[in-house]
Each structure stands twice: as C-alpha cells, then as structure tokens.
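Residue numbers (the working numbering): 180 to 616. First comes the structure, then the notes that go with it.
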Amino acid sequence: MPTEVIMPKVDMDMAKGKIMSWHIAEGERVSKGDPLFDIETDKAAMEVEAPADGILYHTAPEGMEIPIGTPCAWLYAEGEDVGEQPAPFAGQGAHTVQPEQAAVTDEDDTTSPEHALASVDAVAGEATDKVRATPRARSLASGAGLNLADLIGTGPRGRVQAQDVENEIALRDTRPAPPQTPVAFRAETGALAVTRSKGGTGTPIVMIHGFASNAMSWGQIEAHVKHRPIIRIDLPGHGKSPKLRIDSFADLVREMRRAFDDLNLETAHLVGHSLGGAISIALADTRAKRLSSLTLLAPAGLGPDINGNAVTGICRATRTESLAPWLRALVANEDLVTDSYARLAMEGREDANLRAAQTRLADALFPDGVQAFDLRAALQRIDLPTRILWGKQDAIIPWQHALRAPGHMALHLFDGIGHMAHIECPDAVGKIIKSVV
Numbered sequence: 180m181p182t183e184v185i186m187p188k189v190d191m192d193m194a195k196g197k198i199m200s201w202h203i204a205e206g207e208r209v210s211k212g213d214p215l216f217d218i219e220t221d222k223a224a225m226e227v228e229a230p231a232d233g234i235l236y237h238t239a240p241e242g243m244e245i246p247i248g249t250p251c252a253w254l255y256a257e258g259e260d261v262g263e264q265p266a267p268f269a270g271q272g273a274h275t276v277q278p279e280q281a282a283v284t285d286e287d288d289t290t291s292p293e294h295a296l297a298s299v300d301a302v303a304g305e306a307t308d309k310v311r312a313t314p315r316a317r318s319l320a321s322g323a324g325l326n327l328a329d330l331i332g333t334g335p336r337g338r339v340q341a342q343d344v345e346n347e348i349a350l351r352d353t354r355p356a357p358p359q360t361p362v363a364f365r366a367e368t369g370a371l372a373v374t375r376s377k378g379g380t381g382t383p384i385v386m387i388h389g390f391a392s393n394a395m396s397w398g399q400i401e402a403h404v405k406h407r408p409i410i411r412i413d414l415p416g417h418g419k420s421p422k423l424r425i426d427s428f429a430d431l432v433r434e435m436r437r438a439f440d441d442l443n444l445e446t447a448h449l450v451g452h453s454l455g456g457a458i459s460i461a462l463a464d465t466r467a468k469r470l471s472s473l474t475l476l477a478p479a480g481l482g483p484d485i486n487g488n489a490v491t492g493i494c495r496a497t498r499t500e501s502l503a504p505w506l507r508a509l510v511a512n513e514d515l516v517t518d519s520y521a522r523l524a525m526e527g528r529e530d531a532n533l534r535a536a537q538t539r540l541a542d543a544l545f546p547d548g549v550q551a552f553d554l555r556a557a558l559q560r561i562d563l564p565t566r567i568l569w570g571k572q573d574a575i576i577p578w579q580h581a582l583r584a585p586g587h588m589a590l591h592l593f594d595g596i597g598h599m600a601h602i603e604c605p606d607a608v609g610k611i612i613k614s615v616v
C-alpha cells in the first residue's frame with residue numbers, strides 16, 4: 180500500500196494548508212526527510228519533509244487548499260503498481276471531474292492569454308505561488324486574475340503586499356480592455372479509441388503515436404510485425420478518440436493508463452513515438468510487470484528542448500499552405516511531404532474543435548515551447564529490454580536527449596533521418612522492432 184503524504188498542522192488555529200510548490204516532480208524518488216513541498220497557512224509558510232522513502236505520485240495541484248490531516252499525495256514503493264488515485268483530495272468532491280463526466284463547455288478558451296498563463300502555472304511549475312507574497316495579497320491577486328510575478332513588492336525582501344495588488348487592480352481598471360478571443364474548444368467525453376489488427380499470434384504489440392498524428396501512422400511498420408497482434412491507441416483529441424479536457428501530462432498519462440488497463444493484457448510489447456514515447460515511458464514505469472519490451476522512437480520527456488514553433492504552427496494551421504512547411508520540418512528529406520500529402524493531412528484537420536483541442540493540449544504540455552514534464556528519472560528505473568531509435572537530423576526534439584538513457588538500453592541513431600523514423604526509414608525501424616517482438 181502506498182504511504183499517504185499528510186497535510187500537517189503547524190499552528191493551533193490551522194484548518195487548511197495551501198500547496199505552494201512541490202520540490203519533487205511526480206515519478207521521482209524521494210528519501211525520508213527530503214524537502215517535499217511548501218505550504219502556506221493564514222499565518223505562515225513552511226517546508227514539509229517526506230514522511231518515508233518512495234516514488235511520488237498523485238500530487239495535489241499547486242494552489243489547492245488541503246484540510247489538515249488529509250492526504251495531498253502518495254509515495255509508492257519500488258515496483259509497486261501505480262493505479263488510480265487512492266482517494267480524492269478532501270474537499271475536492273464535485274470539483275473532481277472524471278473524463279466520462281466532463282461537461283461540454285465553451286469556457287475552455289485555448290487561445291486566451293489567461294488560459295496560456297494558467298497552463299504554465301499548472302504544468303511548468305512557474306506559478307505565482309513561487310513569488311514572496313502575503314496571504315492577503317495572494318487572495319486578492321487570485322480573485323483579480325493577476326500574476327504576482329508581474330508585480331513589484333514593496334514589503335520586506337520584495338514581498339508583495341495587499342496594497343501592491345490593490346494598486347495594480349486600480350491601474351488595470353483604467354486601461355482599455357483587450358479584444359475578446361473567440362471561444363473554440365468544446366470538451367467531449369468517452370473512452371479512447373482502440374483499433375486492432377485482424378491477424379497475428381503471441382504477445383501483442385501496443386502502439387502509441389505522437390502529437391498531432393494518429394494510429395494510422397504505424398502502417399508501414401506493421402508490415403514488418405504482422406505476425407503479432409497489433410493494438411493501436413489514439414491519444415485524446417487525436418484520430419478517433421474524444422477531445423477530452425487534459426490539463427497536464429499527469430492527466431494525459433492517467434487516460435492512457437486507463438485505456439491500457441482496459442485491454443486486460445497479461446503482457447505486451449510497447450512501442451511509442453515522440454509524445455507517445457513519453458507516455459510509453461510513464462506506462463513502463465508503472466506497468467513493468469505487464470510489459471515484455473519497450474521501443475521508443477524520438478521520445479519526449481528526456482529534456483526541455485522542443486521545436487515550439489513547429490508545434491504551434493501545426494496546431495494553428497487552417498489551410499494546406501500554412502501546414503505544409505511545418506510537416507516538412509518533421510522529416511530530413513522534405514520531398515517526402517508532397518503537396519498532395521499536405522492536402523490530405525489538412526483534410527484530417529478541418530475540424531476546428533480538433534485543432535482547438537490539440538492547441539490546448541500543446542499549451543499544457545509544451546508551454547512557451549518547453550517540455551513541461553521530465554521522465555529521465557522514470558527511464559532510469561525501467562528494467563525492461565528497451566531500444567531507443569532516433570534520427571540525427573531531428574528538428575523537433577534533439578537526438579542528443581537519447582544520450583540520457585541508462586547504459587543497459589540499446590541506442591539506434593540514423594543519419595539523414597528526422598523526427599519520423601518510422602515513416603522515413605520504415606524498413607530499418609521495422610526490422611529492429613521485429614528483432615525484439
């Protein structure tokens with residue numbers, strides 16, 4: 180059983196504590212006594228230490244108030260299965276929206292500055308809670324939608340005071356309101372789309388595609404491994420999957436883990452590309468006993484670098500002419516992306532809500548063109564037969580991220596290949612995967 184991380188009582192009148200910031204990311208190992216997170220009460224702020232050794236999962240969001248004596252995270256032992264969150268955070272109740280119950284709303288504006296700021300705060304950890312400020316100032320700033328990092332504090336050591344916030348609110352009220360951005364994203368509900376091959380025997384292969392792609396992208400690889408059953412999972416907001424509301428990488432992994440668990444497989448070979456590779460690492464970290472091997476193609480999550488312009492360009496493109504240049508950035512040989520290929524790709528992206536869903540997802544995962552999740556510690560813990568494949572002309576994620584893998588993992592680097600090795604050199608990739616499965 181995982182160890183509960185309990186919100187401590189640090190003064191007599193304390194009823195709740197606010198999570199200011201986590202010192203340890205989800206999926207990282209901690210030792211008993213390590214600084215784990217900072218809390219703020221009505222009277223004080225303090226650092227809380229880890230109550231035991233373990234790997235941190237299911238953390239309460241920064242900024243959430245947690246009642247005293249109730250869990251705000253859980254620590255799992257090495258090799259312990261990580262399932263759904265053992266219990267909702269106390270007081271969360273109706274505010275916890277499961278994907279199957281998520282309401283369709285027009286309030287999820289993925290293009291507004293306010294939404295972009297919220298995503299950076301929630302995912303990248305650069306929240307206003309990092310700024311020195313009084314509790315009253317934080318409350319006022321939160322209610323007014325202000326970023327404390329933008330304010331100049333007049334208190335001791337630059338601490339933001341309530342008066343500083345009130346002054347900024349008064350100034351803001353005299354400025355002209357920014358133009359309204361049309362609301363686009365409408366959240367959907369339902370299970371993720373899963374497709375299966377008709378033939379094959381033995382241990383199945385589960386394939387997870389990358390961002391802005393879909394399950395059909397594996398077609399050229401499947402010809403090499405058709406002797407095995409093939410199962411493909413579409414990411415939320417991709418292919419035939421519903422456009423779920425995803426606010427963080429942890430949310431995304433939770434949905435993909437649910438889809439994987441629903442397959443009820445005794446064991447499987449797992450193959451993932453780019454963002455799908457990052458998800459595969461997270462699955463292998465928590466479902467190792469149900470996997471036989473792991474193959475990663477240019478996986479995300481091994482460093483902060485990513486071509487944010489390409490990600491944004493693909494998300495925003497509304498016509499073939501604006502999409503084609505970014506598609507060509509995915510490959511080393513631009514001749515592979517013909518005009519007809521670009522037209523077909525744009526036809527698959529004509530749904531404005533699909534583009535909005537992917538824009539929102541990119542905003543959560545790659546704020547300001549940075550990978551806001553780090554899976555290096557998780558990769559180090561994986562003890563499965565693992566192969567990492569990467570093109571040395573990758574213009575999306577630097578191939579040098581592969582060098583952060585542990586020594587027991589096989590590394591395959593391809594000259595003259597970009598981010599899409601499974602499309603640029605499918606025979607070479609297919610043979611490597613076939614040798615594993």
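Ideal Cβ placement from N, Cα and C applies to all residues, glycine included. Computed from a prediction, not measured in an experiment: that's the story for all the values here.
First through last residue of the alpha helix (DSSP H) which encompasses residue 214: Residue mapping note: residue 214 aligns to position 35 of the sequence shown, counting from 1. From DSSP, residue 214 is part of no alpha helix (DSSP H) but of the beta strand (DSSP E) over 214-219.
Proximal residues to residue 417 (C-beta, below 6 Å), its chain only, five neighbours per side dropped: On the sequence shown, position 238 is the one that residue 417 refers to. Excluding residues within five positions, the ones whose Cβ falls inside 6 Å are 393.
Three-pair Cβ contact test at 8 Å for the region 549-569 versus the region 469-481: Yes, the region 549-569 is in contact with the region 469-481.
C-beta atoms of residue 540 and residue 425 nearer than 7 Å: If you number the sequence shown from 1, residue 540 lands on position 361. If you number the sequence shown from 1, residue 425 lands on position 246. Yes, Cβ-Cβ distance for residue 540 and residue 425 is below 7 Å.
Residue burial classification, residue 453 (beta-carbon count within 10 angstroms, cutoff 16): Against the sequence shown, residue 453 aligns to sequence position 274. Buried, since its Cβ has 16 or more Cβ neighbours within 10 Å.
Exposure of residue 603, with buried meaning 16 or more beta-carbon neighbours within 10 Å: Stepping through the sequence shown from its first residue, residue 603 is reached at position 424. Around the Cβ of residue 603, a 10 Å sphere holds 16 or more other Cβ atoms; the residue is buried.
Host alpha helix (DSSP H) of residue 534 (start-end): The sequence position of residue 534 within the sequence shown is 355, counting from 1. That run of the alpha helix (DSSP H) goes 531-544.
Start-end ranges of the alpha helix (DSSP H) lying completely within the region 426-472, minimum 4 residues: Segments of the alpha helix (DSSP H) lying fully in the region 426-472: 428-441, 454-465.
C-beta contact flag for residue 404 and residue 616 at 7 Å: In the sequence shown, counting from the first residue as 1, residue 404 sits at position 225. In the sequence shown, counting from the first residue as 1, residue 616 sits at position 437. Taking C-beta atoms as the reference points, residue 404 and residue 616 count as a pair closer than 7 Å.
For residue 227: DSSP bridge partner residues: To locate residue 227, count along the sequence shown from 1; it is residue 48. Per DSSP, 216.
Complete beta strand (DSSP E) runs within the region 470-504 (minimum length 3 residues, chain order): For the region 470-504, whole beta strand (DSSP E) runs of length 3 or above, ordered along the chain, are 470-476.
Residue 492 Cβ short of 6 Å to the ligand NAP heavy atom set: This structure lacks the ligand NAP, and indeed carries no ligand of any kind.
Nearest-angstrom Cα separation, counted from residue 255 out to residue 198: Mapped onto the sequence shown, residue 198 falls at position 19. Mapped onto the sequence shown, residue 255 falls at position 76. Their backbone Cα atoms lie some 20 Å apart in a straight line.
First through last residue of the alpha helix (DSSP H) which encompasses residue 146: This structure does not reach residue 146, given that the chain is present from 180 up to 616, and the question cannot be answered.
Counted within 10 angstroms of its Cβ, other Cβ atoms place residue 267 as buried (16 or more) or exposed: In the sequence shown, residue 267 corresponds to position 88, counting from 1. Result: exposed.
Proximity of residue 481 and residue 555 at Cβ, strictly below 7 Å: Mapped onto the sequence shown, residue 481 falls at position 302. Mapped onto the sequence shown, residue 555 falls at position 376. Closer than 7 Å, so yes.
Close-in-space but distant-in-sequence residues of the same chain around residue 557 (CB under 6 Å, 5 per side omitted): Locating residue 557 in the sequence shown gives position 378, where the first residue counts as 1. 206, 460, 464, listed in sequence order.
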